[in-house]
Amino acid sequence: MAEGGGGRDSGGDKARDEFFSEAQELVDGLGRDLLALDKALKHGRTDAELVNDVFRGVHTLKGLSALFGVTRMAGLSHELEDVLDDLRLGRLELTAGLLDLLFRAVGLYSRVLSAEKGDGEEPSSEIEELLAALGQTSQRPTGGAGGAVAQYDLDPALFGVLTEYEEHRLRSNIQQGMSLFRIKVRFALATIDSALDELKASARPHGEIITYLPTGSGADVDTIELEILMAGRGTAEVLRGAITGPNVVIEEVRRRAAATSALPAAARASGAPAVTPAPEAPASTVASGHMPAEPPPGVVATPPARGSGEARVPDATSSGDAMAVAAPAHPTRGGTAARGAAGDMSLRSVSQTVRVDIRKLDLLMTIVGELAIVKTGITRLSERARSRAADPSKLAMELQRLNRDFDRHLAQMQGGILEVRMVPLGQVFDKLARVVRQISRELGKEVNLVVTGAETEIDKLIVEELSDPLMHMIRNAIDHAIEIRADRLRVGKPPIGTIALNAFQKGNHVVIEVEDDGAGMDPRVIAAAAVRRAIITAEEAADLSPREIFALVFMPGFTTRDVATDMSGRGVGLDVVKTNIAKLGGVVDIASEVGIGTKITITLPITLAIINVLLVEIAGRLFAVPLASVDEAILLDGSQVRAVDSREVLTVRGASLPICRLDRLFGLPSTRRAREYVVIAQVATRRLGFVVDEIVGQRDIVIKALGPSLKGVRGFVGATELGDQRVALVLDVAALVEEVLSPGEARFLPWQPAARRA
Amino acid sequence: MRSVLVVEDSVSVRAFVRAVLEAPEFAATHGAVTVVEASCGFDAMRLLPRGPYDLIVTDINMADINGLELIRFIRKSAHHHTTPLLIISSLRGEQDVDRGIALGANAYLAKPFTPEQLRQTCERLLVAGKPALREPAPGEPGRGS
């Protein structure tokens, strides 16, 4: 009973953790589904299945949040559910304006979850606003054409097991003149999931599956017989060609001869909204040969049909009301919608959970098994070592072999566990797509987001920390870089702006590019702004290369604008973005061309958990340099060192390399030695040599945080225990390179204060 | 040891039910309970033959096989037609719940429910179901707590 032991009246701590991770997953899923709906809507389509998914998601959220006492969320879900129920049951039409409201809800959900975790305040007033807006869209149930179903030869008991939604889908399909089919199929229970997915995939192009009924017949417990009710426009023959298999029987549900005239009348009377998008080609081969006046098949736009089984007079006002909602709610700048965006400040998920492919776990299990074998070997060996007859050299040999095996399996284990921590970047990209849609609508700019490499995997922790910086960069791009339509046309650019989000793996790093085809940056303008804000002096500005100048936009206090807009420039600058990326061991680079666009490149390590380091000694102390950023280590040739602009520069194979004496940087007693080494580090395209006393060797280490009291110390990502009671600080190479090579000041000499604290 | 099958697509609702029914308070009055979780109708059908269960708790709105179809299946089956059956579903689906009761579910609890409500309802169903359910299936060792 240990698991349930925490079960006080809150429902248990473990259950609460599950709540956060499930709720977050549902909210993320909602965001994805809404984007897909948005995309379909732009092509004049509505996907009934997606609408139902959104409904189910909100429905589940409502249940969860009420269960776990998150009342704000439950209240919001309740109202949303009403609207979505109307949508999925065809009483309300999906419009861009309505989608806006739904997107806002997704943002608010995330914030309520964060607030519930004690991170930020609950967006109460925004929720109230949204609730009010949603309240205006709800429809009262209207009557539908109930008689249409009666003409089919369906088992009356069937209606006893259809949910309200399924019943609605059945009616809706019948009203569109679809034929009904009964598909009998038998599956092995063990493999039903994949078999069913296959069946769904082959059925999909031919229509909609209404429900799956287990027939309950069939003697053995390992198989299951299903009767699938499907609506489609083809014939049974066509379906038989599409859905094949040894245990599949397909037949059409016959219509009873008498009642045919009821159908078109009912369909017409219920009045499809006139604004519905152009219908696709109507079904031409309805089996009965009977052609009703086709309402447009865009599913949510189908006539309002209430699945109550009774024929009520359709409410003529229903579609009119739906259209009132459909009136494009073009939000004004600075209005409520803009606040919604500014309020949606964080995309970070509250979930600490990683969903793991079972195969990855199986692999780990196998490795654990291998390790157990090694352990048995060691036990056997130690027993033998105790007996006098043991031959020491033989023992040693066997021990060596065991050691090798152990090493190998341990390395596999490490790799396996790292794999488990990996999640695709798509998780954060999906959320960014939402941000792009929202911001571009608010600013009245048209932007396409093009994503590549969403499947690139990176450590879960990094993904979490990445969402806010990326969101900020994208906001910046839309607000500052992408021009309005008229301006774009004037300079001969496509009217719709593009932001490309590219991700790919490069060695032990993941590179993420945020690229826009906007106005680009003029180095002169940037330099002038930096001088105006006293970030650099005019003299310094004159010496900087364009690339160094672009780097200035990441300096604290930098802005080219004197007035901040709603979107960006409200105190959170790109410097925060850079700091956050640097905390992850990453670097940010920026390139831009006036009139062409801007590309920001983020280079990140794949994982933060276990890293391979080079141990070095400085003034008798050990330090670890992450090997991922080490190019090479060479003996320092003093004759090749020159001073350039108060920096030391070493010539290596003809090229100059700035170097940095770590003992001086860290304020350690300088011990001049005959032999010194240079560890050449490379971060993105920048190289720097660290002068150290000794190279100790390579190690795999686990980085431990420095703890709150040393949090402010820059230059170190953490510390590590070396297993022999010694501790080494792990250098933050990206920060050091930045610190030493940053434009404007030669800061590496007077860095004493921070170093002393270290 | 009593066992309860919980069919529900939400992992946290399952965890909630588990926490309540496996808590020591519940065990104190009713003997220990093991909760068996099924995340969908097919899962439930896979788990049903591994019964008997003293109670089946099911949601209605689930993908593929919905709760109503599952209830019908359970009531038609040889081994579970008398097992107490509790629907947990939201207030919205009144029609769905009516259908569930018509198909033979014994009780209905609207989401959200408090741990106390769940505890009481399950207690009632477990007590009511007791006499009919204590005959072990053929070949099965006598169970009981």
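Chains as they are written, first to last, in our numbering: chain A, -15 to 742; chain B, 72 to 216.
Glycine is no exception: its CB is placed at the ideal position from the N, C-alpha and C atoms.
Whole-angstrom C-beta distance between residue j and residue i, which should lie under 8 Å
i: G437 of chain A; j: D501 of chain A; result: Not a contact, Cβ separation roughly 19 Å.
i: V407 of chain A; j: E441 of chain A; result: 6 Å
i: L78 of chain A; j: T30 of chain A; result: 5 Å
i: K444 of chain A; j: D12 of chain A; result: The Cβ separation is near 14 Å, so there is no contact.
i: L347 of chain A; j: G400 of chain A; result: 5 Å
i: I519 of chain A; j: F538 of chain A; result: Not confirmed; about 10 Å, so no contact.
i: D615 of chain A; j: I687 of chain A; result: No, D615 of chain A and I687 of chain A are not in contact; Cβ-Cβ is about 21 Å, not under 8 Å.
C-beta atoms of residue i and residue j nearer than 8 Å
i: L433 of chain A; j: V447 of chain A; result: no
i: I158 of chain B; j: T185 of chain B; result: no
i: G144 of chain A; j: L174 of chain B; result: yes
i: I602 of chain A; j: V676 of chain A; result: yes
i: A14 of chain A; j: V35 of chain A; result: The identity of residue 14 of chain A in the sequence shown is Leu, whereas the question assumes Ala. No, they are not a contact pair.
i: R89 of chain A; j: L64 of chain A; result: Reading off the sequence, residue 89 of chain A comes out as Ala, not Arg. Against a cut-off of 8 Å, the Cβ pair of L64 of chain A and A89 of chain A comes out as a contact.
i: V82 of chain B; j: E6 of chain A; result: yes
i: D389 of chain A; j: V412 of chain A; result: no
i: V498 of chain A; j: I584 of chain A; result: yes
i: I496 of chain A; j: A608 of chain A; result: no
i: L139 of chain B; j: T147 of chain A; result: yes
Partners in chain B for residue i, counting only beta-carbon separations shorter than 7 Å
i: L97 of chain A; result: Correct list: empty, because the minimum Cβ distance to chain B is about 13 Å.
i: F3 of chain A; result: S83
i: P198 of chain A; result: M116, I136, E140, F144
i: R40 of chain A; result: N132
Interface flag, residue i vs chain B, CB-CB below 8 Å
i: A289 of chain A; result: Because A289 of chain A sits at a pLDDT of 39, beneath the cut-off of 50, its placement in the model cannot be relied upon, and the following sentence gives the value as read from the coordinates. With 8 Å as the cut-off, A289 of chain A does not count as an interface residue toward chain B.
i: D139 of chain A; result: no
i: H43 of chain A; result: yes
i: G130 of chain A; result: Since pLDDT at G130 of chain A reaches only 47, below the 50 mark, its modelled position is unreliable, and the value read off the structure follows with that caveat. Not an interface residue.
i: V475 of chain A; result: no
i: P125 of chain A; result: Low confidence applies here, because P125 of chain A scores a pLDDT of 46, under 50, leaving its location unreliable and the question unanswered by this model.
i: S245 of chain A; result: Because S245 of chain A sits at a pLDDT of 41, beneath the cut-off of 50, its placement in the model cannot be relied upon, and the point is left open.
i: E100 of chain A; result: no
i: I208 of chain A; result: yes
i: T591 of chain A; result: no
i: L51 of chain A; result: yes
i: R296 of chain A; result: Because R296 of chain A sits at a pLDDT of 37, beneath the cut-off of 50, its placement in the model cannot be relied upon, and the point is left open.
Residues that residue i contacts on chain B, provided the C-beta gap is smaller than 8 Å
i: K(-2) of chain A; result: A86, A90
i: G47 of chain A; result: S81, V84, S161, K182, P183
i: E6 of chain A; result: S81, V82, S83
i: T743 of chain A; result: Outside the shown range of chain A (-15 to 742) lies residue 743 of chain A, about which nothing can therefore be said.
Interface flag, residue i vs chain A, CB-CB below 8 Å
i: G210 of chain B; result: Residue confidence for G210 of chain B is low, a pLDDT of 44 falling below 50, so the modelled location carries little weight and cannot support an answer.
i: S161 of chain B; result: yes
i: I136 of chain B; result: yes
i: A109 of chain B; result: no
i: A225 of chain B; result: No answer is possible for residue 225 of chain B: it lies beyond the span of chain B, which begins at 72 and ends at 216.
i: E194 of chain B; result: no
i: M116 of chain B; result: yes
i: A173 of chain B; result: yes
i: R170 of chain B; result: yes
Distance cut-off 7 Å: residue i Cβ against heavy atoms of the ligand NAD
i: E430 of chain A; result: The ligand NAD is not part of the structure shown, which contains no ligands of any sort.
Closer than 9 Å at the beta carbon, the chain A residues around residue i
i: D125 of chain B; result: Near D125 of chain B there are no residues of chain A at all, since even the closest Cβ is about 16 Å away, more than 9 Å.
Chain A residues whose Cβ lies nearer than 7 Å to that of residue i
i: L197 of chain B; result: Here the premise fails: no neighbours, minimum Cβ distance about 16 Å.
i: I131 of chain B; result: T147
i: R45 of chain B; result: Outside the displayed range of chain B (72 to 216) lies residue 45 of chain B, so it cannot be described from this structure.
Proximal chain A residues relative to residue i, where beta-carbon distance stays under 8 Å
i: L139 of chain B; result: G144, V145, L146, T147
### Query
Going along the chain, which residues of the stretch 386 to 408 of chain A sit with their C-beta nearer than 8 Å to a C-beta in chain B?
Those would be none; no residue qualifies.
### Interfacial residues, the stretch 175 to 191 of chain A to chain B, with Cβ spacing under 8 Å
Of all residues in the stretch 175 to 191 of chain A, the ones placed with a Cβ closer than 8 Å to any Cβ belonging to chain B are I176, D177, L180, in chain order.
### Members of the stretch 160 to 174 of chain A near chain B, C-beta cut-off 8 Å
Residues of the stretch 160 to 174 of chain A with a C-beta atom less than 8 Å from some C-beta of chain B are L173, A174, listed in chain order.
#### Entry: Contact residues within the stretch 504 to 522 of chain A, judged by C-beta distance below 7 Å to chain B
Within the stretch 504 to 522 of chain A, no residue qualifies.
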